[in-house]
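Going down the list, the protein sequences come from chains A and B. For the first sequence, position 58 (counting from the first letter as 1) is numbered 58 according to the numbering used here, and the numbering increases by one without interruption. For the second sequence, position 181 (counting from the first letter as 1) is numbered 181 according to the numbering used here, and the numbering increases by one without interruption. Heads up, the beta-carbon is just placed ideally off N, CA and C, and yes, glycines get one too. Accompanying notes for the structure given below.
Protein chains: 2
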Amino acid sequence: MNFLESKILSDGVLKEGNILKVNGFLNHLIDVDIADQMAADFIRRFKGEHITKILTIEASGISIAMVTAFKLHVPMLFAKKTQSLNVDGEVYAADAYSFTHKTNNHIFVSSKYLSPDDKVLIIDDFLANGQALKALINIVEQAGAKVVGCGIAIEKGFQEGGALVRGLGYRVESIAIIDEMDYATQTIKFREQN
Amino acid sequence: MNFLESKILSDGVLKEGNILKVNGFLNHLIDVDIADQMAADFIRRFKGEHITKILTIEASGISIAMVTAFKLHVPMLFAKKTQSLNVDGEVYAADAYSFTHKTNNHIFVSSKYLSPDDKVLIIDDFLANGQALKALINIVEQAGAKVVGCGIAIEKGFQEGGALVRGLGYRVESIAIIDEMDYATQTIKFREQN
């Protein structure tokens, strides 16, 4: 069992409806040691890929994306969900339906910050249905840049996102993949990884 | 002139209506060297304060708050703007009107993650009218925790936020304070700091 799987078992809270709450260390209060270990694990898994940029989506992906970018010494770019007054000009945009918030997110990045020379590692905290990840990949490819792969903290392996994105030919590395979780018995089963 | 003031002059874009765009290094694409230097500067300014937690607000405060937390080796907590399905239970909440997005933000943190023992450094990318900062301070005090101070990247010194929050007795340390900026002449005047 790796460090993140252990942390999920000790500090995660399993709720009814296949909800895993990791607010205590990953997406509300951030444990910097866990973030540091996740960043190191992403860097190890994608070693030799000559990553030039980290891309994530606001808000809960930013923490781990930032630590990964910091350790790799490359810029971090985060896709925005609302067209703010402070971003104008050309953008790359895509739509992602959020099952968590039950809203369609129109996400975008300024076209100034992605170029065909970029080799982009996409980072996010969760992978479930894969909609956010597909939208981020779409944005990178609109820029003519290369998607090196996707580094995910927690993949819900019983949902379709992982198979969907891997089926499209992209490399997805998830530190913890949950194959089963059961509220009634409070058990979580992780997929074996090498 | 310090590192951030230089970066604002070289990479910031001044737009009509007192808008300063720093999307190229601070709140869309993040320059990790600048983030590193900002974090080091906050740590230097608040040295000896025995900070136990960093608090910010999603989304653009997260990057610099995370690097500061990482270097200080304390947890980072970010206030949320939308009550997600994944945060339930008791929360500390406050309202902050955003002049940028022209919306009233109901912001909150889970009460589990702030306690009366906490000495909290609040970090944010911008200080203008001070509404977000006041809401974050309110949240810390609802928990009975201590506000050590506020570390701000860029303060718009010609708006009322800085004077408002300092007038309430809180320590506000801004790395760059802009006293005047003029679109017509494309000039920015920084406040002298020791």
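Non-local beta-carbon contacts of A/V148 in its own chain, meaning distances under 7 Å to residues more than five positions away in sequence, involve F46, E49, I51, K119, V120 and L121 in chain order. Under the DSSP assignment, B/S10 falls in the alpha helix (DSSP H) whose first and last residues are F3 to D11. Assignment of A/S63 by DSSP, reduced to helix, strand and coil, places it in the helix class. Going by C-alpha positions, B/A184 is about 16 Å away from B/I178. When secondary structure is reduced to three states using DSSP, B/D36 falls in the helix class. Rounded to the nearest angstrom, the Cβ distance from A/V91 to A/S111 is 6 Å, consistent with a contact under 8 Å. For B/I51, the secondary structure class from DSSP, reduced to helix, strand or coil, is coil. According to the DSSP assignment, A/K134 belongs to the alpha helix (DSSP H) that extends over Q131 to Q142. DSSP lists B/S98 as the beta-bridge partner residues of B/T103. With 16 or more neighbouring CB atoms inside 10 Å of its own CB, B/A65 falls in the buried class. Comparing C-alpha distances from A/E192 to each of A/S174, A/K134 and A/D182 shows the shortest one belongs to A/S174.
In terms of beta-carbon proximity, B/D124 stays away from the interface with chain A, with every pair separated by 9 Å or more.
Remark: C-beta atoms of A/D125 and A/N27 approach each other more closely than 9 Å. DSSP links A/D179 through a beta bridge to no other residue.
Residue pairing by DSSP places A/G167 in no beta bridge whatsoever. DSSP lists B/K80 and B/A93 as the beta-bridge partner residues of B/F108.
Under the 8 Å Cβ criterion, the segment 6–26 of chain A does not count as touching the segment 8–28 of chain B, having fewer than three qualifying pairs. A/T82 has a beta carbon lying within less than 9 Å of a beta carbon in chain B. The shortest C-alpha to C-alpha distance from A/D36 to any of A/L4, A/S10, A/A145 and A/D117 is the one to A/L4. Within the segment 132–157 of chain B, not one residue has a Cβ closer than 9 Å to any Cβ of chain A. Cα atoms of A/V13 and B/K102: separation of roughly 36 Å, rounded to the nearest angstrom. In this model, A/A39 and A/K134 are separated by some 22 Å (Cα to Cα).
Within chain B, the C-beta atoms nearer than 9 Å to that of A/E58 come from E58, A59, S60 and I62, in chain order. Residues of the segment 22–45 of chain A with a Cβ closer than 9 Å to any Cβ of chain B, in chain order: V22, N23, G24, F25, N27, H28, L29, I30, D31, V32, D33, A35 and D36.
Secondary structure note for A/G151: its beta strand (DSSP E) is the uninterrupted segment K146 to K156. One alpha carbon belongs to A/V165, the other to A/A128, and they sit about 11 Å apart.
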